[in-house]
Every structure is written in C-alpha cells, then in structure tokens.
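Have a look at the structure below, then the notes.
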Amino acid sequence: MSEANREEMLARHRKEIRELTARIIQKKKNATKKTRRGINSECESLEHELKDRHSREIAALGNPNGEFIEAPEVPESKPQGQGKEEDTEELEEKSNTITDTPTNTIASEGTPQQSSVGPKKPNRQKARLARRAAEAAALSAEAEAEASALPNPRQAEMAAMQTLLRNLHLGEKEIAPDGHCLYSAFADQLPMPSDYKTTREKCAEYMLAHRDEFEPFLEEPIEEHVRKVRETAEWGGQAEVLALAKAFGVVVNIVQAEGRGVEKMNEGGAEGEVWLGYYRHSFGLGEHYNSLKKVGAKGGS
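Be aware that the sequence shown starts at 9, since it is given in the numbering used here, and climbs by one per residue.
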C-alpha cells in the first residue's frame, strides 16, 4: 500500500475517533439515572470496537518497509499495553548499562582509558508515547468543541415545554426531584389533600391486585417491585402511572416535549383528569414529573 493510501487511512481513523468522542459525550449528557450505567458500558464497547478495527486495518497494511505505524488512541482511554511498553523500555536501558560497563575494565594500563559514554540516543519509545498523548489530547479538544456546538437538550426541552403549557393553558407546580416526584405530583391533583405516601400505597395495592396486567413488564418479581413502590424512593414510570390512573379512576394526561406532546392513559376514567409534566433532560437526577393544572384563559380553555 502506498504512503498516500496509508496517510488517507490514518486521517480517516482520526476523523472516526473525533466523531465517536463527540457521540459519546452527547450520549453521556443525555443519560438518566436509570440509563447511566448502560450508556457507560455501551460507550466503552464502542471505544473498544473502534480501537480493535483500527488496529486490524493497520496490521493489514503489511508494512513492506518494516515501519511501525501507531493507531491513534480514542481520547480518555488508557493506551493498550502502555505498561508493558514502559517495562520493556526499562529493561532495554538496564541491558545497555550492563553491556557498556565492561569496556572500562578491559583497557590496558598503558592505554588511556576512553569513556564508553557516548551521545545519548533519542528515546523513540518516549517520543512515540508523547506524540500519541498529544494527538489524543487534540482529538479530545476537537470533539469537545463539536459537542458543545450541538443543541443543549435541557434548554431545548424547557423551551418546548413552555410552548406546550402556554398553548394548553396549563400552570405548572414544581415538585421536588427526590424520587417521589410522580407520586407527589399525582397527590397534588387529588380532590382531598394527600401526599406521596398515600399514592404510593394505592399504587402498590392496585399492582399487586392486578399482577397479571403488570408482571410481563417488570424485570423483577412483582412482590419485590411492590415493596419498592411502598417503602423506598424508587422512581415511578409508565407502569406506575397506569396503576395510579386505574386505582383512582382518572384520565392521566402526560405533557412531554418529545413525541406527541400529550399522552393520555386510562381514557375511560370517569373520576376526572390529572395533568403531569414529564421531563427527561431538565433535572440532574434523571426523569422527573411536575404537577400541571388548567388555568383560566381568555376565550376559553
């Protein structure tokens, strides 16, 4: 393969690394509390896959001149085999010291002793590692710049929600993002004053009494799931929203920036309506619900 083709391949590798780094940064920005572990694992897998593919492509070059071509590293990933290379370098230096030492003892008495220490050879190993670190830092900085130019998910979500709430004539009540937000927001809508403990208990009772309806969608035994609903600050999702809607006999309207705008659940509910604002990106701990209520609007609501 010609030098031009090798350079073209390495340039493509650098471009792919920049794109992957920007993609990983965006994925981690959008991660929620529930998805963070899976996204981190996915990102590590993507990094390894790209690094392995680049290594295979470089190895396939054949290197007719015996030249060693280094694959660019994915930024923020520890270079593979770096510890082994440093150990090899140390052994080489020790070996050179042992080889050089005897030359001073063999010299005859009548011959002036010459120093065996010559000009220090440039350490190609260190130079290569330094070059690789500098390249990784440059790629990381470029990817950060590209990622920062992408739309901010939080700002976009907040702007879209404000437009939806204005068009639907809804007022919003902030609920603490403490793991109880779904249950607190739901309790805020009930005719009788209540708190999250009441709605958690009602949700747990309904799910247990209608286990066939919910078990297929749970990743754990329903008894354990219901225990968490009752006794912990486990976040509630769609299954819990549906259970609450049916337990209280109401229609639940979920307003969200993505998708259809308003999602209805338990449309046959005859005991009134509950409005919830759903956020994916706007709160640090992940998914969040606020309480929404209709407000007076000129010309009807």
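In this text, a Cβ means the ideal position worked out from N, Cα and C, and glycines have one as well.
In the DSSP assignment, find the alpha helix (DSSP H) that holds residue i and state where it starts and stops.
i      : result
Val282 : Careful: Val282 lies outside any alpha helix (DSSP H), inside the beta strand (DSSP E) at Glu281 to Tyr287.
Asn38  : Glu11 to Asn38
Lys42  : Premise fails: Lys42 is in no alpha helix (DSSP H) and is neither H nor E.
Glu221 : Arg219 to Phe222
Phe256 : Gln246 to Phe256
Reducing DSSP to helix, strand and coil, say where residue i ends up.
i      : result
Glu349 : Coverage of the chain is limited to positions 9 through 309, which leaves residue 349 absent and any answer about it impossible.
Lys302 : strand
Pro296 : What sits at residue 296 in the sequence shown is His, not Pro. Residue state, collapsed to three classes: strand.
Ile230 : helix
Ile106 : The predicted model places Ile106 with a pLDDT of 40, which falls under 50 and marks its position as unreliable; any figure quoted below should be read in that light. Here Ile106 sits in helix by DSSP.
Since I believe residue j is in contact with residue i (beta carbons under 8 Å), could you give me their beta-carbon distance rounded to a whole number of angstroms?
i      : j      : result
Arg252 : Lys210 : The identity of residue 252 in the sequence shown is Leu, whereas the question assumes Arg. Yes, they are in contact, since the Cβ atoms of Leu252 and Lys210 sit about 7 Å apart, within 8 Å.
Val270 : Val260 : The pair is not a contact, with the Cβ atoms about 10 Å apart (cut-off 8 Å).
Ala265 : Met169 : 5 Å
Glu50  : Met17  : Incorrect: roughly 26 Å between the Cβ atoms, too far for contact.
Could you give the first and the last residue of the continuous beta strand (DSSP E) run that contains residue i?
i      : result
Val263 : Val259 to Gln264
Checklist entry - Where in the segment 175–201 do unbroken runs of the beta strand (DSSP E), each at least 3 residues long, occur, reported from the N-terminal end onward? => result 178–181
Checklist entry - Below 8 Å, can you find three or more Cβ-Cβ pairs linking the segment 190–201 to the segment 294–305? => result yes
Checklist entry - Does the pairing of the segment 175–187 with the segment 227–236 give three or more beta-carbon distances under 8 Å? => result no
Next on the checklist: Does the contact criterion of 3 or more C-beta pairs under 8 Å hold for the segment 18–36 versus the segment 49–57?
Outcome noted: yes
Checklist entry - Hey, is the segment 129–141 in contact with the segment 216–227, meaning 3+ C-beta pairs nearer than 8 Å? => result no
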